[in-house]
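First comes the structure, then the notes that go with it.
There are 2 protein chains.
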Amino acid sequence: MSASKRDELVHKALKIFYRDGFHATGMDKLVKETGISKTSMYKHFRTKDDLILASLRLRDELFRNKFVRKVETLAGDPAAQLLAMFDALDDWFHELDFRGCMFIKASGEFPIKGSPIYDTAAEHKKLLLDYVEKLAAQTTAKDPLLLARQLTLLKEGAIVAAHMRGPEGIAADAKLAAEALIKAQTT
Amino acid sequence: MSASKRDELVHKALKIFYRDGFHATGMDKLVKETGISKTSMYKHFRTKDDLILASLRLRDELFRNKFVRKVETLAGDPAAQLLAMFDALDDWFHELDFRGCMFIKASGEFPIKGSPIYDTAAEHKKLLLDYVEKLAAQTTAKDPLLLARQLTLLKEGAIVAAHMRGPEGIAADAKLAAEALIKAQTT
DNA sequence: CATAACATGTACCGATCGGTTCATGTTGTC
DNA sequence: GACAACATGAACCGATCGGTACATGTTATG
Numbered sequence: 000m001s002a003s004k005r006d007e008l009v010h011k012a013l014k015i016f017y018r019d020g021f022h023a024t025g026m027d028k029l030v031k032e033t034g035i036s037k038t039s040m041y042k043h044f045r046t047k048d049d050l051i052l053a054s055l056r057l058r059d060e061l062f063r064n065k066f067v068r069k070v071e072t073l074a075g076d077p078a079a080q081l082l083a084m085f086d087a088l089d090d091w092f093h094e095l096d097f098r099g100c101m102f103i104k105a106s107g108e109f110p111i112k113g114s115p116i117y118d119t120a121a122e123h124k125k126l127l128l129d130y131v132e133k134l135a136a137q138t139t140a141k142d143p144l145l146l147a148r149q150l151t152l153l154k155e156g157a158i159v160a161a162h163m164r165g166p167e168g169i170a171a172d173a174k175l176a177a178e179a180l181i182k183a184q185t186t
Numbered sequence: 000m001s002a003s004k005r006d007e008l009v010h011k012a013l014k015i016f017y018r019d020g021f022h023a024t025g026m027d028k029l030v031k032e033t034g035i036s037k038t039s040m041y042k043h044f045r046t047k048d049d050l051i052l053a054s055l056r057l058r059d060e061l062f063r064n065k066f067v068r069k070v071e072t073l074a075g076d077p078a079a080q081l082l083a084m085f086d087a088l089d090d091w092f093h094e095l096d097f098r099g100c101m102f103i104k105a106s107g108e109f110p111i112k113g114s115p116i117y118d119t120a121a122e123h124k125k126l127l128l129d130y131v132e133k134l135a136a137q138t139t140a141k142d143p144l145l146l147a148r149q150l151t152l153l154k155e156g157a158i159v160a161a162h163m164r165g166p167e168g169i170a171a172d173a174k175l176a177a178e179a180l181i182k183a184q185t186t
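If you read the protein sequences in the order shown, they are chains A and B. The numbers in numbering that gives the first Met the number 0 rise by one with no breaks, and the one at position 137 of the first sequence is 136. The numbers in numbering that gives the first Met the number 0 rise by one with no breaks, and the one at position 122 of the second sequence is 121.
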């Protein structure tokens, strides 16, 4: 399978970019840490930015799959799943290698709207918002789209806070807030 | 005044770091864009990281001053001020050069807890949380500290969303959520 | 006017940046 | 065993990185 070395590269590059940042990670460091030769890297990707894009797309796929799956494991009906999102976040926050959101970092290091990396990061956030909107639309909330956007704000805020203040209690605070927001729309 | 050139440098460096990022901004670019010689820069700051730290400290001072002042202009009593925060945020989101939160970016590019830059960024977030806690404590909320942390989550989430989805309506969503959270604690 | 303090431009340092070249394995397939 | 296809290491490219050296203004105060 010719895709395996390429996949191996993207998986390993993803981890290093996430850990150290994009500009702070040079191609030579990738060679040293992945054990994959620079020649091979540039046979699969024309530029470093292309490799970053591939890493972001893989991260998007892995993260959304894992997140949605976890939520579906924790709860059944849509209203409960909206709350279960924050339990899934709590798990993530407590992972040893948690370093915040890779897409927020990407949009911070490549802040030009319209550039491929920025747009890819923004797309990830939109896909997650779509997911929350779909859940909210299945509840009895009066304004499901508003609710979805508000819960997403709590989610993003929790990610930032978990990274900058530490993970303890953040998701719990957000979950309580989410309960209050849902209740306010269903009574 | 010997501090004036130094202050001018920090002010200008702050803008460039905020616009382009930290690792993506080299000293030579700072020389070109500020018009200040590299020799002078290194007479005031021993390293680039020291200049970044000075920029972050200035940003913290300017931002918190402006933010608190704006909130106090918009509302009088503490409960109303908690809501007015989101109007102040809305103003910020719509500034032409808005590029998200400089401290979130800093913690993204220097993600090692304990490093001076990361810690300085985290300190800014803590000072803002302290401010919100002080306001919340003056309301009739049943759990002012919880309310403060929740409103702060909305605030951080709004900043991220305004940067990655555009400023329109973000602060309004957050303000509605804040109203619901306050109401839930005062009735 | 002298003098000390500060700011300047330019050239330079070794290291690293993203990216290329090329010659040499290693591999699986017919 | 021959032939592609893929992977490798190492040398190399010009540019830029953070940081320094040095000699030449500029400026304000005594």
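Every residue gets a Cβ at the ideal spot worked out from N, C-alpha and C, and that includes glycine. As the structure is a prediction and not an experimental result, all values here were calculated from the model.
Local Cβ density within 10 Å of residue i, reported as buried at 16 or more and exposed below that
| i | result |
| --- | --- |
| residue 136 of chain B | exposed |
| residue 219 of chain B | Lying before the first or after the last residue shown, residue 219 of chain B is absent from chain B, which here runs from 0 to 186. |
| residue 68 of chain A | exposed |
| residue 36 of chain B | exposed |
| residue 93 of chain B | exposed |
| residue 20 of chain A | buried |
| residue 139 of chain A | exposed |
| residue 133 of chain A | exposed |
| residue 175 of chain A | buried |
| residue 151 of chain A | buried |
| residue 195 of chain B | Outside the modelled stretch of chain B, which goes from 0 to 186, sits residue 195 of chain B, for which no answer is possible. |
| residue 119 of chain A | buried |
| residue 3 of chain B | exposed |
| residue 0 of chain B | A caution first: residue 0 of chain B carries a pLDDT of 37, below 50, which makes its placement in the model unreliable, though a value can still be read off. Classification for residue 0 of chain B: exposed. |
Helix, strand or coil at residue i [DSSP, three-state]
| i | result |
| --- | --- |
| residue 96 of chain A | coil |
| residue 167 of chain B | coil |
| residue 0 of chain A | Its pLDDT being 37, under 50, residue 0 of chain A is placed unreliably in this model, and the coordinates cannot settle the point. |
| residue 106 of chain A | helix |
| residue 38 of chain A | helix |
| residue 76 of chain B | coil |
| residue 156 of chain B | helix |
| residue 44 of chain B | coil |
| residue 142 of chain B | coil |
| residue 196 of chain B | Nothing about residue 196 of chain B can be read from this structure; chain B reaches only from 0 to 186. |
| residue 123 of chain A | helix |
| residue 186 of chain B | coil |
| residue 33 of chain B | helix |
| residue 137 of chain A | coil |
| residue 162 of chain A | helix |
| residue 147 of chain B | helix |
| residue 85 of chain A | helix |
| residue 10 of chain A | helix |
| residue 21 of chain A | coil |
Residue closest to residue i, alpha-carbon to alpha-carbon, out of the options
| i | options | result |
| --- | --- | --- |
| residue 191 of chain A | B/47, B/165, B/60, B/117 | Only positions 0 to 186 of chain A appear in the structure, and residue 191 of chain A is not among them; the question remains open. |
| residue 117 of chain A | A/101, A/95, A/181, A/160 | A/101 |
| residue 173 of chain B | A/186, A/182, A/145 | A/145 |
| residue 56 of chain A | A/45, A/81, A/13 | A/13 |
| residue 7 of chain B | B/18, B/23, B/24, B/30 | B/30 |
| residue 24 of chain A | B/141, B/60, B/109, B/41 | B/109 |
| residue 17 of chain A | A/129, A/103, A/71 | A/103 |
| residue 97 of chain B | A/107, A/167, A/97, A/90 | A/107 |
| residue 177 of chain B | B/105, B/86, B/161 | B/86 |
| residue 42 of chain A | A/22, A/73, A/5, A/51 | A/5 |
| residue 95 of chain B | B/70, B/54, B/161 | B/161 |
Listed by chain order, chain B residues near residue i by CB distance under 9 Å
| i | result |
| --- | --- |
| residue 155 of chain A | 152, 155, 156, 157, 158, 159, 160, 163 |
| residue 22 of chain A | 20, 21, 22, 23, 108 |
| residue 129 of chain A | The contacting residues do not exist; residue 129 of chain A stays about 12 Å from chain B at best. |
Residue i: contacting residues in chain B (beta-carbon distance under 8 Å)
| i | result |
| --- | --- |
| residue 106 of chain A | 99, 162, 163 |
| residue 103 of chain A | 103, 107, 159, 163 |
Integer-rounded CB distance, given that residue j should sit under 8 Å from residue i
| i | j | result |
| --- | --- | --- |
| residue 170 of chain B | residue 157 of chain B | 6 Å |
| residue 26 of chain B | residue 121 of chain A | Not really, about 31 Å apart at Cβ, beyond 8 Å. |
| residue 127 of chain B | residue 63 of chain B | 7 Å |
| residue 83 of chain B | residue 181 of chain B | The pair is not a contact, with the Cβ atoms about 12 Å apart (cut-off 8 Å). |
| residue 33 of chain B | residue 47 of chain B | In fact, because the Cβ distance is near 14 Å, the residues do not count as touching under 8 Å. |
| residue 59 of chain B | residue 123 of chain B | 5 Å |
Within chain B, the residues that residue i reaches when beta carbons sit closer than 7 Å
| i | result |
| --- | --- |
| residue 57 of chain A | Here the premise fails: no neighbours, minimum Cβ distance about 19 Å. |
| residue 53 of chain A | Within 7 Å Cβ-Cβ: nothing; residue 53 of chain A doesn't reach chain B, min ~20 Å. |
| residue 148 of chain A | 172 |
| residue 95 of chain A | Those within 7 Å of residue 95 of chain A in chain B number zero; the least Cβ separation is about 13 Å. |
| residue 14 of chain A | The contacting residues do not exist; residue 14 of chain A stays about 13 Å from chain B at best. |
Heavy atom of the ligand FMN within 7 Å of residue i beta-carbon
| i | result |
| --- | --- |
| residue 158 of chain A | Looking for the ligand FMN in the displayed structure turns up nothing, as the structure carries no ligands at all. |
Within chain A, partners of residue i - CB distance below 7 Å
| i | result |
| --- | --- |
| residue 179 of chain B | 179, 180, 183 |
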